[in-house]
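S.K.: Take the sequence shown: its letter number 298 is residue 346 in this note's numbering, and every next letter is one higher. In this text, a Cβ means the ideal position worked out from N, Cα and C, and glycines have one as well. Fair warning: this is a prediction, and the values are worked out from it, not measured in the lab.
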Amino acid sequence: MRFSLRSLVATFAVAMALFAAVPAFAQQPSSVNPTASAVQERQLLDALRAGTPGQGTTLSGRITIPDASAGNLIQPQGQAWRVFHQGAMHWIGAIAILGMLVLLVVFYMTRGRIMIEAGRSGATILRFSTFERFIHWLTAGCFIILALSGLNVTFGKFVLAPLFGEDAFAAMSQWAKYAHNFLAWPFMLGLVFMFVTWVVHNLPDSTDVNWIKKGGGLVGSEHPPAKKFNAGQKVIFWSVIIGGGLLSLSGVYLLFPEWAGGVLALQFWNIIHGIVAVLLIAAMIAHIYIGSIGMEGAADAMTSGEVDLNWAKEHHSLWVEEKMGKGSIHPHAAAQPAE
Numbered sequence: 049m050r051f052s053l054r055s056l057v058a059t060f061a062v063a064m065a066l067f068a069a070v071p072a073f074a075q076q077p078s079s080v081n082p083t084a085s086a087v088q089e090r091q092l093l094d095a096l097r098a099g100t101p102g103q104g105t106t107l108s109g110r111i112t113i114p115d116a117s118a119g120n121l122i123q124p125q126g127q128a129w130r131v132f133h134q135g136a137m138h139w140i141g142a143i144a145i146l147g148m149l150v151l152l153v154v155f156y157m158t159r160g161r162i163m164i165e166a167g168r169s170g171a172t173i174l175r176f177s178t179f180e181r182f183i184h185w186l187t188a189g190c191f192i193i194l195a196l197s198g199l200n201v202t203f204g205k206f207v208l209a210p211l212f213g214e215d216a217f218a219a220m221s222q223w224a225k226y227a228h229n230f231l232a233w234p235f236m237l238g239l240v241f242m243f244v245t246w247v248v249h250n251l252p253d254s255t256d257v258n259w260i261k262k263g264g265g266l267v268g269s270e271h272p273p274a275k276k277f278n279a280g281q282k283v284i285f286w287s288v289i290i291g292g293g294l295l296s297l298s299g300v301y302l303l304f305p306e307w308a309g310g311v312l313a314l315q316f317w318n319i320i321h322g323i324v325a326v327l328l329i330a331a332m333i334a335h336i337y338i339g340s341i342g343m344e345g346a347a348d349a350m351t352s353g354e355v356d357l358n359w360a361k362e363h364h365s366l367w368v369e370e371k372m373g374k375g376s377i378h379p380h381a382a383a384q385p386a387e
């Protein structure tokens with residue numbers, strides 16, 4: 049009897065507690081939105097614009113690690129970088145590369161292929177040694193793969209992804225990234241070799257002024273005198289050295305961001321890397337054109353290393369005279385009429 053009374057009292061107490069809690073449950077919403085009081089994206093953007101005119105403000109959170117900059121959630125410079133990278137960068141690359149291709153097509157249709165006016169003589173002269181050709185193709189081969197894999201970052205999702213599908217594009221991009229990271233090092237090594245080997249022949253002099261005034265043989269039929277490298281080739285050389293140097297420096301910072309000096313510096317070097325890359329690609333397209341279909345006999349210089357004597361006398365007459373003075377060319381061969 050005592051047990052039954054205690055059980056009855058306990059049951060009555062639980063019932064009263066549940067009855068008292070019913071109003072509290074009734075006041076709760078039928079569904080709970082855990083982000084109802086969270087900061088919305090529009091508020092974050094408004095806060096960014098509310099900062100210093102022209103600069104905005106940085107939104108930061110609380111962190112417990114020593115690096116205070118890690119607490120930055122959003123910074124206005126990052127928004128500007130994103131707009132440039134996804135907008136202006138596409139236009140710069142398209143105008144530079146497609147514009148160069150259009151110019152070369154127009155040039156070829158109006159000027160045609162630059163032929164050896166005297167025809168091939170049958171005699172040849174060594175223009176580039178085996179080592180010189182090696183450093184050229186080492187640098188050129190790496191640059192081509194670096195250029196294609198780099199362009200994939202900027203244009204791949206618009207051009208290649210629709211063609212191959214997202215899965216194939218993702219796999220291809222991953223391998224392209226590996227190639228880009230690892231081939232950067234032999235490319236930089238090639239730049240060093242190239243500079244040491246050819247810088248003495250690429251210093252500007254008075255012959256370059258005359259070469260430019262006469263159009264370098266590209267415009268008209270006159271071939272102005274030139275040494276081992278003419279003014280046009282010197283422009284290409286310094287474009288490769290300076291442009292390649294900037295690509296190397298900025299690329300190292302992108303590979304090792306902790307060396308860049310912060311997020312803002314990393315964004316700066318990313319922009320430099322992209323702009324210099326597309327401009328250098330455009331210049332190399334012109335270089336490849338002249339060295340292949342654009343000029344008869346030019347490709348021999350970087351394949352066999354030997355060029356036809358008439359070609360050398362037409363495009364690099366001062367260099368031929370220098371080689372003859374050193375006994376590298378037999379005087380009879382050098383004096384052979386171009387016919």
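By a C-beta neighbour count over all protein chains shown, 10 Å radius and 16 as the cutoff for buried, is THR187 buried or exposed?
M.R.: It is buried - the Cβ of THR187 has at least 16 other Cβ atoms within 10 Å.
S.K.: Give the DSSP bridge partners of THR172, in chain order.
M.R.: According to DSSP, THR172 bridges with ASP356.
S.K.: Using the rule of at least 16 other Cβ atoms within 10 Å of the residue's Cβ for burial, across every protein chain shown, is LYS374 buried or exposed?
M.R.: By the 10 Å Cβ count, LYS374 comes out exposed.
S.K.: Excluding the five sequence neighbours on either side, which residues of its own chain have a C-beta within less than 6 angstroms of the C-beta of GLU306, listed in chain order?
M.R.: Closer than 6 angstroms at Cβ, skipping near neighbours: no residue.
S.K.: Which stretch, first to last residue, makes up the alpha helix (DSSP H) that contains LYS262?
M.R.: No alpha helix (DSSP H) contains LYS262, which DSSP labels as neither H nor E.
S.K.: According to DSSP, which residues form a beta bridge with MET444?
M.R.: Past the boundaries of the shown model lies residue 444; the chain is included only from 49 to 387, so the question cannot be answered.
S.K.: Would GLY322 and THR202 be called neighbours here (beta carbons separated by less than 8 angstroms)?
M.R.: Their beta carbons are under 8 angstroms apart, which means GLY322 touches THR202 by this criterion.
S.K.: Going by the CB atoms, is the gap between TRP367 and ILE164 shorter than 8 angstroms?
M.R.: It is not a contact, given that the beta carbons lie outside the stated cut-off.
S.K.: Measuring CB to CB, does ILE284 end up less than 8 angstroms from HIS335?
M.R.: Their beta carbons are under 8 angstroms apart, which means ILE284 touches HIS335 by this criterion.
S.K.: Identify, in the order they occur along the chain, each residue of the same chain with its Cβ nearer than 8 angstroms to the Cβ of PRO101, setting aside the five sequence neighbours on each side.
M.R.: In this prediction, PRO101 has a pLDDT of 46, which is less than 50 and means its spatial position is unreliable; what the coordinates show is noted afterwards. Counting only Cβ-Cβ distances below 8 angstroms, and skipping sequence neighbours, we find nothing.
S.K.: Taking DSSP as the reference, what is the three-state secondary structure of GLU306?
M.R.: It is helical.
S.K.: So for THR187, helix, strand or coil by DSSP?
M.R.: In the structure shown, THR187 sits in a helix (DSSP, three-state: H, G or I).
S.K.: Going by other Cβ atoms of all chains shown within 10 Å of its Cβ, with 16 needed for buried, is ALA219 buried or exposed?
M.R.: Classification for ALA219: exposed.
S.K.: Indicate the three-state DSSP secondary structure (helix, strand or coil) for LYS275 in the structure shown.
M.R.: If DSSP states are grouped into helix, strand and coil, LYS275 belongs with coil.
S.K.: Are ILE193 and ALA227 close, meaning C-beta to C-beta below 8 angstroms?
M.R.: Cβ atoms of ILE193 and ALA227: closer than 8 angstroms.
S.K.: Identify which residue in GLY263, GLN127 and PHE206 has its Cα closest to the Cα of ARG159.
M.R.: With distances taken between Cα atoms, ARG159 lies closest to GLY263.
S.K.: Among the residues of its own chain, which have a CB less than 8 angstroms from the CB of TRP129, if the five just before and after it don't count?
M.R.: Around TRP129: GLN315, ASN318 and ILE319.
S.K.: If I follow the unbroken alpha helix (DSSP H) through ALA331, where does it start and stop?
M.R.: Run containing ALA331: 311–338, per the alpha helix (DSSP H) assignment.
S.K.: Tell me which residue opens and which closes the alpha helix (DSSP H) that SER365 is part of.
M.R.: Its alpha helix (DSSP H) spans residues 365–373.
S.K.: Is any heavy atom in the ligand MN found nearer than 7 angstroms to the beta carbon of ARG130?
M.R.: Within the structure as shown, the ligand MN is missing, as the structure has no ligands at all.
S.K.: Just the C-alpha distance for LEU302 and SER296, rounded to the nearest angstrom, thanks.
M.R.: Each residue's Cα considered, the two are about 10 angstroms apart.
S.K.: Considering HIS133, what are the terminal residues of the alpha helix (DSSP H) in which it resides?
M.R.: It is not in any alpha helix (DSSP H) - HIS133 carries neither H nor E in the DSSP assignment.
S.K.: Among PHE243, VAL150, SER197 and PHE206, which one has its Cα closest to the Cα of LEU223?
M.R.: According to the sequence shown, residue 223 is Trp rather than Leu. Nearest option by C-alpha distance: SER197.
S.K.: Please determine if the region 347–364 and the region 172–182 are in contact, where contact requires at least 3 C-beta pairs separated by less than 8 angstroms.
M.R.: They touch, by the three-pair rule.
S.K.: If you compare alpha carbons, which of PHE206, TRP233, ALA216 and GLY170 is closest to GLY292?
M.R.: The candidate whose alpha carbon is nearest that of GLY292 is TRP233.
S.K.: Along the chain, where does the alpha helix (DSSP H) containing LEU231 start, and where does it finish?
M.R.: 214–246 is the extent of the alpha helix (DSSP H) around LEU231.
S.K.: Let me make sure I understand the geometry here. Which of LYS275, MET372 and PHE243 has the alpha-carbon closest to that of VAL257?
M.R.: Of LYS275, MET372 and PHE243, the residue nearest in Cα terms is LYS275.
S.K.: What's the C-alpha gap between ASN229 and LEU237?
M.R.: Each residue's alpha carbon lies about 14 angstroms from the other.
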